[in-house]
Structure formats: C-alpha cells, structure tokens
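Below you'll find the structure, written out as structure tokens, and then a few comments.
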Amino acid sequence: MATFANRFALSTLTVAILTHTLPAQTEEIIEETLVIGVKQRLYQAGMLKDSIQKTEVISTLTIEQKQASSITEAIEDAPGVRVNNECSMCGVKRVMVNGMRGEHTNVLIDGIPTHTMLSGFYGLDAATAAGIQAVEIARGAGASLIAPEAVGGTVNIVTKEASSNEIELDVAAGENNYKKGSLVATGIANNDTTRITAIAQYDHRDAYDGDNNGVGENPLLENQSITIKLSQDIGRSNNISTRYNYTESEVFGGPMNSNINRVKAEYFADPNYESDSLFENDDVRNRYIGKEWETTEWITSDRQEFYLTWLSEISPNLNFTLTTSLNDHQQDSFYEGFIYHADDEMQYYDLRVNYALNEDHLFTFGADARIEEMRSETNSTSETYVSDSFDYDTHGVYLQDTWTATENLEIALAVRIDQVMADFVDPNKDGTEIDETMVSPRLDARYSHTDTLTSRLAMGKGYRAPLSFFESDHGILDSELGFEIAIDELEKSDSATYALSYEGNRLSLTWSLAYTALDNMATLEQTEDGLVVMEQHEETASVFATDIAMTYQIKDNLSAGVTLESFHYNDEFKQAFGVVPIEQRAVISGDWDYRGWDFYGSATWVASRDLAEYGVPQNPTFDAQGRYAKSNTAPSYWILDLKVAKEFTSQLQIYFGVSNLLDYTQVNDMETPLFYEDGGFDVAHIYGPLRGREAYLGVKYVFQ
5 MATFANRFAL STLTVAILTH TLPAQTEEII EETLVIGVKQ RLYQAGMLKD
55 SIQKTEVIST LTIEQKQASS ITEAIEDAPG VRVNNECSMC GVKRVMVNGM
105 RGEHTNVLID GIPTHTMLSG FYGLDAATAA GIQAVEIARG AGASLIAPEA
155 VGGTVNIVTK EASSNEIELD VAAGENNYKK GSLVATGIAN NDTTRITAIA
205 QYDHRDAYDG DNNGVGENPL LENQSITIKL SQDIGRSNNI STRYNYTESE
255 VFGGPMNSNI NRVKAEYFAD PNYESDSLFE NDDVRNRYIG KEWETTEWIT
305 SDRQEFYLTW LSEISPNLNF TLTTSLNDHQ QDSFYEGFIY HADDEMQYYD
355 LRVNYALNED HLFTFGADAR IEEMRSETNS TSETYVSDSF DYDTHGVYLQ
405 DTWTATENLE IALAVRIDQV MADFVDPNKD GTEIDETMVS PRLDARYSHT
455 DTLTSRLAMG KGYRAPLSFF ESDHGILDSE LGFEIAIDEL EKSDSATYAL
505 SYEGNRLSLT WSLAYTALDN MATLEQTEDG LVVMEQHEET ASVFATDIAM
555 TYQIKDNLSA GVTLESFHYN DEFKQAFGVV PIEQRAVISG DWDYRGWDFY
605 GSATWVASRD LAEYGVPQNP TFDAQGRYAK SNTAPSYWIL DLKVAKEFTS
655 QLQIYFGVSN LLDYTQVNDM ETPLFYEDGG FDVAHIYGPL RGREAYLGVK
705 YVFQ
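Using our numbering, you'd call the opening residue of the sequence shown number 5 and step up by one each time.
Here is the structure:
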C-alpha cells in the first residue's frame, strides 16, 4: 500500500506542477484550445488507417453512466460482448466476443498488445475505467492487423489524451462496503506539443453471501492503479508517446469475514487435515462448518506495463511507427490449500510502415515479435509433478492494401505470416508442443449504399496457442499432481461478419451477423488418477451470432437504445463450456437530460437456458449423497440499473444510483453456485448474477 501511495503522489505531483506552472493566459483560452498533433494530422489525412470493419465504441459518458470501476463493467452490455463470471470463489471474469470463449479475446492498450496470458484472467477486473477515452470492440478473427490471436475479436482500451489543463476527482461509496476514488489529471504545454495524462484509481467491494451460509458467492475485490501517459510532438513530423501503468489487485473468496493471514495460519497448522463435512448435513444450502482454508481462493496480482512508440512522417506519402512494449504480471495465490505463484513477462516489438501509392491505395506493411515467458511454482510434493511454465514466441510479417475502389466502396486486403513456438518447459517434459508457420488472410469491405446506409463485410483467419490451465477452474484446483500436455497444434479459426448500418438524424440502427468455426479447440480433462490433462477437440466447434442495436434521439435531451442478441452454438462448442454462456439477451437503455439533471437507466434481460446441453456439471446436487438434485434449467431474469446525476456548476456534480435494483441473483432461485457431483465439491454451477443490489452516492469535481 505504501508503494502504491508513493506512486500515486508522484504522478499527481507531476501533473500538478505541469498544469499550474503554465502562463497565466492559459486559463483564459482553455475552452478554445484545439490539440492537433502529428498523430491527429496523419489520421485526418488518411495516412494511419488500420481497419475499416465495424467497431463498437464505448464512450467516456457510457462508462460514467454505468458507474463502471473496471473495463469488464464498462463493456459487459456491449453488442456481441459477454463478461462471464466463471468462478464464485475467485471471481475470474472472461470477456467473450462474438460468442467465443474468453481466451479468444485479445486485449490491446492504445492499439498495442499488452496483456499476457495471466492478465487475461485476473487482469481485466483490475483494469481501471478511470481515464479511459473510449473502449473499441472489433469483432471477428484477425480483427486487428497486429493481433491475429483475436479469434473472437479485440478489445482496445484507449487512454485519455490531454487536451486541456484540469484535474478531475471522483469519489463514491455505497452498500456492501463499496468504495471508489479516482483522479484524472491532464496538462498541455509547449504550444500544445506536450500532452500528459495521469490517472489513479482505488476501488473495493466486500464479498457477497446471498444465502447466508457463510461462504460467499462473489469474492472481495480490491484494486489500485496508477497510469502516466506522455505524448510529445517533435517538430511537425515526429511524435513520441509513452505510457506506464502499475496495478495491484486482491481477490479473496470463500469464507466470509476472514482474511488470508488467518487462513494461512490455519492451513499451515495442519495442512493434511480434511473435514468430514464442509456443510451441515453435507448440504451446500446449510451453514459452512469446514476449515476456512478448504474453500478459500485468494489471488493477488502485481502488474506493470510500459510502451514506447515513435511515429515519424518521412514525406506526405510515407510514415512509420516503431513500437516496443514490456509487461510483467506476477501472481500469488492460494487455491484451497494449493499454493501457486507465477511470473509472466512479455515483450512486444513492432515496426509498421504506411505508404500511399496514390489516392486509391494505402499500403501498410511491417514486422513484429511477441516474446512471452511464464514461470510458476507450487507447493506440490508429487515426485512426478509437471508445471505449467511455458515459453511462447511469435515472429510475424504483415501486409495490407487499403483500396478505395470507388467513391462508395473501400476494401482492405491483408495477410500475416507468423512463426509460432509454444513450449511447456518443465524438465520432466520433453519436446516442443507447437512449432508452426501460420498464414492468416483477412478481408474487410465497406460499401456506402446511400449517405445513411452502409454495409460492412469482414472475413478472416485467426489462431491461438493453448497455454493456460486457468481456462478451467479445476485446472488449478486439482493440479497438485501436476499437468499433462497433450496438444500439438494451434487452435485455428475462420470467421465471417456482416453489418448493415443506418445513420439518420435521429435513428441509428445496425444489424449484424457473425459466424466463427474453430478447429483444435483446447479443453481440460482429468485422468482416473486425478491428473489434469490439456487436450484438443477433434471436431469443429462453431457459433453463429446475430444482433440488432438501435439508438433513437427522441428529443435533443432524450434518447433511448435497444439491443437484441442471439447466439447459437453447435454441440461440440456447448460441451466446451464449464460455465453456461448466454443464448439470447436484450438490453434497453434511456438517457434524459433536464435542467442540469441527468437520468440514466438500463434494463438487461437474459433468456432461460437448458444447462444439460452444456459441459457444465451434468448431475449437480445440493448434497454430497446425491439425493437432492439441482435444476438443469436456468430461468430468465432481468437486471435493472439506475443513475441520477446533478450538475450544480460546470465543475461540480453529485450523483447517486443503484446497481441491480431488483436485487436478483441466482441464489434467489435457490440455486447456489456451490454443488456436489459424485460426492466431490465444486463452486461453478453458474448461470446468473452472483452479487445483489448495491446503492451508491458520489461526487465529481473538476479543478480547472
């Protein structure tokens, strides 16, 4: 905590000095300031194009209206996106795009790959929503030229770019010991060529126990982070941008009103102890009576990420960008007596060149490399233990031609060639699992039928190396005997998406279709001896997704939105899910501004599902003896969120709101996520929300 406080103070002081040592006349012209730097000018000139496919954009306003603390909360209702809670104890969140699993989503920061394998599991719940200019979601395989591993799509988190001198302070508190505080400071200097942004956020929620049996259905979560971004124009033709982020996160799930020090003391006093019963009468609906450590899942993460980019304009028709990114994610964890430590380091390098051959053709070509090394340690005493440590290297080249065929038609043709190596490096395991060359073509096309009607088509191929035993919760919980790796091929996908958009004066409407087929999909199984095995499906898994998203400006100060979604999985894909995904969803929202008041509401409906069709527990019961079966039907439900904000001045806003106003969790259906199957206890019979109603009150003040 002291380290974080020092970093917070340093970042705040840096921007405070910058913003308050500018010439006095700055205050008088703030509202007239227009920052047009090297990067903005090249974008406006069409010299930095990457892709023309349909992209969902989550704005700063939407993030504020949702009272989002993290990126997962900011995007959870976006079209084509599902944030899946896959463990009631550790609370791991997976971002599913286009109906694919969470590991098939690639996360970028300002267009740069920064998330390691580990941070894809516990990192997104700690990724701050403060200081985010936008979140861009591109759907489909190969959705980014530099991210071919985006089998489902990419989530690009865009850091706020300074355009004025101000400090924004936002503090909120509420039920369930909810606390959130953020500071976003921006400053510009040197005739607007220097732009700096500093961000700090702290947020906390206690664990939630809806059925009061002493074991939470949703864990305690505490995050704290700082971010500093600097953009410096050098002359008219060069820009240097750098960003540093440090994040600490703690998750504590399982026994209520406990802490990790007490749990570890209890465990180390008798690590071989095993309770005869975890619950009264061996029924998860009754009071928990086992040792605290027997249900504790505790994860702490320390994450650092850094990137540096140099953009240089050689001539009006030629520019290049050189990028380097360094990332380190360290995890310490306690999974019900299994102690797991991991250090995941990633380096990324990219050289990209844009060359305008003429007015109709913009060529983008380059080379990149990603080098990732993960090393883990455990308290396993098995002589045959095989760890999940790995090396993962990719080296690729790419080429794209963005062709303006006619005034109404634009086509982008791209191809990547990658050399991919994935090697689990435990001394007890021989050989390299994957050493393969992958060719990934992509086509994007945009056709303007009229000024208001546009079609977009995207087709692409993607790949992913299966690396993580976190892809199923039992992969870690049951891994004291070690891991067996039975994979030798990349996961490979083919994807096609189509979107038809209408943009009128008041009505915006988009209808989208997406199909993805995935070969060699990885899955985790167990041998009769309890050894966790990573293997691959022989059959193709596929999903077809369709959605309609509409917004209507009823009046200048009143708008409404509706999104309808449907996902259809084939049987092979259904059996790969440990936690059931959504099949149909509707989201209805409204926003009304009235004399300084802003009223925002969102209602989400999720359709019922047949759990027996999925790879979730086949015969879950409430009791260890198997007498009381749990339901295999997930009922439909509604979630309602409301927020009201009042602007007293241009600088001061006070707000209050309620998340999950109807207080619905699946425990309301008498369906705790805890269960027994064949006498074994588990925690992931999940189909609905696991955290109840949460009212909050907050204040935001902008210092100018």
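For glycine and all other residues, C-beta sits at the position ideal for the given N, C-alpha and C.
By the three-class DSSP mapping on this structure, what secondary structure does residue i have?
| i | result |
| --- | --- |
| E659 | Reading off the sequence shown, one finds Tyr at residue 659, where the question assumed Glu. Y659 falls in the strand class under three-state DSSP. |
| Y359 | strand |
| G479 | Its pLDDT being 45, under 50, G479 is placed unreliably by the model, and nothing is read from it. |
| E270 | helix |
| Q351 | strand |
| K650 | strand |
| D286 | helix |
| K43 | helix |
| S606 | strand |
| K183 | strand |
| F342 | strand |
| G191 | strand |
| A78 | helix |
| A133 | coil |
| L568 | strand |
| T158 | strand |
| H108 | helix |
| L128 | helix |
| A521 | strand |
| A616 | helix |
| D551 | strand |
| S593 | strand |
| D210 | coil |
Using the rule of at least 16 other Cβ atoms within 10 Å of the residue's Cβ for burial, across every protein chain shown, is residue i buried or exposed?
| i | result |
| --- | --- |
| F652 | exposed |
| D448 | buried |
| Q404 | buried |
| R374 | buried |
| E475 | Because E475 carries a pLDDT of 44, less than 50, the predicted location of this residue cannot be relied on, and the following value inherits that uncertainty. Buried. |
| E363 | exposed |
| L522 | buried |
| S386 | exposed |
| K2 | The structure shown does not extend to residue 2, since the chain is modelled only from 5 to 708, so the question has no answer here. |
| I303 | buried |
| L65 | exposed |
| L413 | exposed |
Could you give the C-beta distance for residue i and residue j, rounded to a whole number, given that I count them as a contact under 8 Å?
| i | j | result |
| --- | --- | --- |
| Q670 | L694 | 7 Å |
| N331 | E301 | So it is not a contact: roughly 24 Å between Cβ atoms. |
| Y206 | G185 | 5 Å |
| L112 | I161 | 7 Å |
| E576 | H541 | 6 Å |
| T520 | A145 | 7 Å |
| R468 | E153 | 5 Å |
| M260 | G220 | 6 Å |
| R143 | T388 | About 43 Å; that fails the 8 Å criterion. |
Tell me which residues share the same chain as residue i and place their Cβ nearer than 6 Å to its Cβ, disregarding the 5 neighbours each side in the sequence.
| i | result |
| --- | --- |
| F707 | I171 |
| A549 | N102, G103, A518 and F571 |
| R98 | N88, E90 and G106 |
| I658 | K650 and V703 |
Can you give me the C-alpha to C-alpha distance between residue i and residue j, rounded to a whole angstrom?
| i | j | result |
| --- | --- | --- |
| T59 | I141 | 5 Å |
| Y182 | A176 | 8 Å |
| A416 | A545 | 28 Å |
| E507 | N623 | 49 Å |
| G95 | V42 | 42 Å |
| T608 | A553 | 14 Å |
| D673 | S612 | 13 Å |
| N222 | L656 | 34 Å |
| K704 | E532 | 57 Å |
| T555 | A580 | 35 Å |
| D274 | T637 | 40 Å |
| V357 | Y451 | 26 Å |
Using a Cβ-Cβ cut-off of 7 Å (strictly less than) and excluding sequence neighbours within five positions of residue i, which residues of its own chain qualify?
| i | result |
| --- | --- |
| A699 | G178, E179 and V662 |
| V61 | A138 and E140 |
| L312 | T246 and T328 |
| Y277 | K295 |
| E68 | none |
| I75 | L128, A131, A133, V139 and I161 |
Leaving aside the five residues before and after residue i along the sequence, list all residues of the same chain whose C-beta is less than 8 Å from its C-beta, in chain order.
| i | result |
| --- | --- |
| S281 | I293, G294 and A628 |
| D682 | N623 and G630 |
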